[in-house]
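Chemist:
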Amino acid sequence: MARTDDDTWDLATSVGATATMVAAGRARATRDGLIDDRFAEPLVRAVGVDFMTRWAAGELDSADVDEPGAAWGMQRMTDMMAARTRYIDAFFAEAGAAGIGQVVILASGLDARAYRLPWPAGTTVFEIDQPQVLEFKAATIADLGAEPTAEVRNVPVDLRHDWPSALRQAGFDAGRPAAWAAEGLIGFLPPEAQDRLLDNITELSADGSQLVAEVFANTGTSGDALNAASEKWRQGGLDIALGDLGFPGRATTWRPTCSRRAGSRCARR
């Protein structure tokens, strides 16, 4: 089903299921020794989508669920999650080493970095997502007996609404640098909401702040590849048209307003 600007979901349906798919990819990558996310598999199991649980647990192989040579599939997704997770983990480690004590994870979903990364003392992690998603994750991880490795502040708000006010109310200080993550998010927002998201991040970011984001081209070709993979998954019991969950964007050129070289801080232009 095509997205609308005010649609709703849970972790087993629509765009919410992509958070569970990400966690399933992290769980499988953990089994393969590519990353270390011990919370991913229990979180996927708790959601209860059988296909994703079996993939996370290693009970399904690529040969079972992917078309040979296809542009997209569960194995390609898992490989991407491994690379993406390692990259963003390193981003947060560098931000912490630079003295940034505020972390904002936008659309945090089943992200467990607040519980598995070795944050510097005094770090506060703000997790923004739908209320039921944050409640589910916190309860599931608490049942595992785990404690956060930083101070965690939940910000239960839809990113299509006034999340900056909710973030401030949770104690975010716009006068201090922050490390922001928009992982697997931007393409699932309507174009106007994408612009507002980046404008709001800019407005809330003191000098020295950093942002890591995944930006992917949501073209007809990529949508076809995703839906072709989804059809194969449907045969295995996962009914989700992945290619229909994003919002078509416009290709354009852009000019960065700051630059950064390895080992140096970003200087605004």
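Mapping of the sequence shown onto my numbering: residues 4 to 272, in sequence order. We put the CB at the ideal spot given by N, CA and C, even for glycine. For clarity, every value in this text was computed on a predicted model and none was experimentally measured.
To the nearest angstrom, how far is the alpha carbon of D35 from that of I243?
Modeler: Taking the sequence shown and counting its residues from 1, one reaches residue 35 at position 32. Taking the sequence shown and counting its residues from 1, one reaches residue 243 at position 240. The alpha-carbon atoms of D35 and I243 are separated by roughly 25 Å.
Chemist: In the DSSP output, what is A85 paired with across the bridge?
Modeler: The residue labelled residue 85 in the question sits at position 82 within the sequence shown. The partner list for A85 (beta bridge, DSSP) is empty, contrary to what the question assumes.
Chemist: Any chance the segment 113–120 sits against the segment 37–52, with 3 or more Cβ pairs inside 8 Å?
Modeler: Yes: the two stretches touch, three or more of their Cβ pairs being nearer than 8 Å.
Chemist: Assign F129 to one of three DSSP states: helix, strand, or coil.
Modeler: Against the sequence shown, residue 129 aligns to sequence position 126. DSSP places F129 in strand when its eight states are reduced to three.
Chemist: What distance in whole Å lies between the Cβ atoms of T127 and G102, which are believed to be in contact at a cut-off of 8 Å?
Modeler: Translated into positions along the sequence shown, residue 102 becomes position 99. Translated into positions along the sequence shown, residue 127 becomes position 124. No, G102 and T127 are not in contact; Cβ-Cβ is about 13 Å, not under 8 Å.
Chemist: Around the Cβ of E130, are there at least 16 other Cβ atoms within 10 angstroms (buried) or fewer (exposed)?
Modeler: Your numbering for residue 130 matches position 127 in the sequence shown. Buried is the call here.
Chemist: Taking 7 Å as the limit between beta carbons, can you name the residues of its chain near A85, skipping five residues before and five after?
Modeler: One-based indexing of the sequence shown puts residue 85 at position 82. Contacts found: A32, L37, I38.
Chemist: Within the same chain, show all residues whose beta-carbon is closer than 6 Å to that of E154, passing over the 5 residues directly before and after it, in chain order.
Modeler: Position 151 of the sequence shown holds residue 154. These residues qualify, in order along the chain: T127.
Chemist: Once DSSP output is grouped into helix, strand and coil, what is the label at E186?
Modeler: The residue given as residue 186 occupies position 183 in the sequence shown. E186 falls in the coil class under three-state DSSP.
Chemist: Along the chain, where does the beta strand (DSSP E) that runs through L214 open and close?
Modeler: Sequence index remark: in the sequence shown, residue 214 carries index 211 (1-based). Element bounds for L214: 213–216.
Chemist: Taking 7 Å as the cut-off, decide whether the C-beta atoms of A182 and A100 are in contact.
Modeler: Numbered from its first residue, the sequence shown carries residue 182 at position 179. Numbered from its first residue, the sequence shown carries residue 100 at position 97. Not in contact: A182 and A100 (Cβ atoms no closer than 7 Å).
Chemist: Please determine, among M77, A169, S208, G148, the residue with the shortest C-alpha to C-alpha distance to E62.
Modeler: Here residue 62 refers to the residue found at position 59 of the sequence shown. Out of M77, A169, S208, G148, M77 has the C-alpha closest to the C-alpha of E62.
Chemist: For E138, count neighbouring C-beta atoms within 10 Å of its own C-beta (all shown protein chains included) and say buried if the count is 16 or more, exposed if not.
Modeler: What you label residue 138 is simply residue 135 of the sequence shown in a count that begins at 1. The residue is exposed, with fewer than 16 neighbouring Cβ atoms inside 10 Å.
Chemist: DSSP three-state label for P193, please.
Modeler: Here residue 193 refers to the residue found at position 190 when the sequence shown is read from its first residue. Coil at P193, not helix or strand.
Chemist: Which one or two residues does DSSP pair with N157 in a beta bridge?
Modeler: Numbered from 1 along the sequence shown, position 154 holds the residue referred to as residue 157. DSSP, once it has assigned bridges, lists E130 as partnering N157.
Chemist: Keeping to the same chain, check which residues put their C-beta closer than 6 Å to that of V218; ignore five residues upstream and five downstream.
Modeler: Indexing the sequence shown from 1 puts residue 218 at position 215. Result list for V218: I189, in chain order.
Chemist: Enumerate in chain order the residues of its own chain whose CB-to-CB distance from V107 is below 6 Å, with the five nearest sequence positions on each side excluded.
Modeler: Here residue 107 corresponds to residue number 104 of the sequence shown, with the count starting at 1. Correct list, in chain order: F129, A181, W183.
Chemist: With DSSP as the reference, label R46 as helix, strand or coil.
Modeler: Counting from 1 along the sequence shown, the entry for residue 46 is found at position 43. Here the sequence assigns Leu to residue 46, which means Arg is not the residue at that position. In the structure shown, L46 sits in a helix (DSSP, three-state: H, G or I).
Chemist: Would you mind giving the Cβ-Cβ distance between P121 and T152, rounded to the nearest angstrom? I have them listed as a contact below 8 Å.
Modeler: Locating residue 121 in the sequence shown gives position 118, counting from the first residue. Locating residue 152 in the sequence shown gives position 149, counting from the first residue. Right, the Cβ-Cβ distance comes to about 6 Å (below 8 Å), so this counts as a contact.
Chemist: With a CB to CB cut of under 8 Å and the five nearest residues on each side skipped, what residues in its chain are close to M83?
Modeler: For the purposes of this step, residue 83 is identified with residue 80 of the sequence shown, where counting begins at 1. Cβ within range, chain order: G28.
Chemist: Below 7 Å between beta carbons: does that hold for R163 and A196?
Modeler: For this step, residue 163 is matched to residue 160 along the sequence shown. For this step, residue 196 is matched to residue 193 along the sequence shown. A contact, by the Cβ cut-off of 7 Å.
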